[in-house]
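Colleague: Counting from 2, one number per residue, gives the positions in the sequence shown under the working numbering. The structure's right below; bear with me while I get my questions together.
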Amino acid sequence: MTDQYLVTLTVNGEDHELLVTARRTLVDALRHDLHLTGTHVGCEHGVCGACTILVDGAPARACLMFAVQAEGRDLRTVESLGSPDSPNDLQRAFSEHHALQCGFCTPGFLMLAEGFLASRPRATKAEIREAVSANLCRCTGYQTIVEAVDDCASRRRCAPDTTEGEATPEPGQNDTPRPA
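Below is the structure:
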């Protein structure tokens with residue numbers, strides 16, 4: 002008999018209690034136990050990035066974590082971004098720039114980009130290209146992905162700040178210096 006553990010996972014703002022074995026991967030718990038199938042399983046070695054989700058706001062490979070390790074952490078999957086009827090700005094940018102072809106890697110890229118833009122809202126195209134190189138895509142050649150992420154970042158910088166009703170300044174205007 003395999004030991005099982007009761008864990009509470011906070012996924013997309015909701016708590017879920019699961020009974021899992023110690024070796025149950027987070028990606029399997031998300032897909033099979035919680036039926037959040039937007040997170041894809043690719044290489045199962047942490048190389049491809051198809052299973053990328055946000056763990057406490059940072060991109061992480063769900064295939065490399067056990068479900069028991071995720072207890073007490075804030076988990077976000079691609080389902081948290083939007084829906085087919087109401088996509089968020091990043092999903093719209095991917096569609097507008099044709100940044101997906103077969104779509105298998107797309108959820109991982111969306112979550113990688115969402116976490117990256119949260120930490121680097123003023124990233125350059127070179128920085129975006131470096132960030133997205135962490136995930137593998139066999140179809141797009143990455144250029145359209147970089148363009149979509151850059152376009153979304155630009156739109157977010159120009160969007161009105163809902164807390165103060167003002168647009169976020171462009172780079173160079175009241176810009177906080179980046180660490181070296």
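Every residue, glycine too, gets a C-beta built ideally from N, C-alpha and C.
Quick one: residues in its chain with C-beta nearer than 6 Å to the C-beta of C153, no 5 flanking neighbours on either side, listed in chain order?
Modeller: D90, L91 and A94
Colleague: Go to L137, then tell me how far its alpha helix (DSSP H) extends in each direction, as first and last residue.
Modeller: Looking at the DSSP string, L137 is not in any alpha helix (DSSP H), and its letter there is neither H nor E.
Colleague: When burial is assigned at 16 or more other CB atoms within 10 Å of the CB, is L1 buried or exposed?
Modeller: This structure does not reach residue 1, given that the chain is present from 2 up to 181, and the question cannot be answered.
Colleague: Compare the Cα-Cα distances from T38 to each of L137, A23 and R77 and report the closest residue.
Modeller: R77
Colleague: Nearest-angstrom Cα distance between Y6 and L113?
Modeller: Straight-line Cα distance between these residues: approximately 29 Å.
Colleague: Exposed or buried, what is G15 when buried is set at 16 or more other beta-carbons lying within 10 Å of its beta-carbon?
Modeller: The identity of residue 15 in the sequence shown is Glu, whereas the question assumes Gly. By the 10 Å Cβ count, E15 comes out exposed.
Colleague: Using 7 Å as the threshold, is the C-beta distance between P108 and V79 below it?
Modeller: yes
Colleague: Provide the residue(s) that pair with F95 in DSSP beta bridges, ordered along the chain.
Modeller: For F95, which the question treats as bridged, DSSP gives no partner whatsoever.
Colleague: Under 7 Å Cβ to Cβ from F105, same chain only, skipping five residues before and after it: list those, please.
Modeller: H41 and A51
Colleague: With a Cβ-Cβ cutoff of 7 Å, do V8 and L19 count as a contact?
Modeller: yes
Colleague: Hey, could you find the ends of the alpha helix (DSSP H) T26 is sitting in?
Modeller: Run containing T26: none; DSSP gives neither H nor E here.
Colleague: Report yes if the CB atom of V147 is closer than 7 Å to the CB atom of R130, and no otherwise.
Modeller: yes
Colleague: For A71, I'd like the list of residues in its chain whose CB is within less than 6 Å of its CB, leaving aside the five on either flank, ordered along the chain.
Modeller: L10 and L27
Colleague: How is the alpha helix (DSSP H) around Q144 delimited, first residue to last?
Modeller: Q144 to C159
Colleague: Determine the direct distance from the alpha carbon of V21 to that of D34, and round the result to whole angstroms.
Modeller: So the two alpha carbons sit approximately 9 Å from each other.
Colleague: Taking 7 Å as the cut-off, decide whether the C-beta atoms of V102 and C49 are in contact.
Modeller: It should be pointed out that residue 102 corresponds to Gln in this sequence rather than to Val. Not in contact: Q102 and C49 (Cβ atoms no closer than 7 Å).
Colleague: Locate the beta strand (DSSP E) running through P108, then write down its first and last residues.
Modeller: Per DSSP, P108 belongs to no beta strand (DSSP E); it is in the alpha helix (DSSP H), T107 to S120.
Colleague: Smallest Cα separation from C64: which of A160, V150, F117 and E45?
Modeller: Scanning A160, V150, F117 and E45 for the CA closest to the CA of C64 turns up E45.
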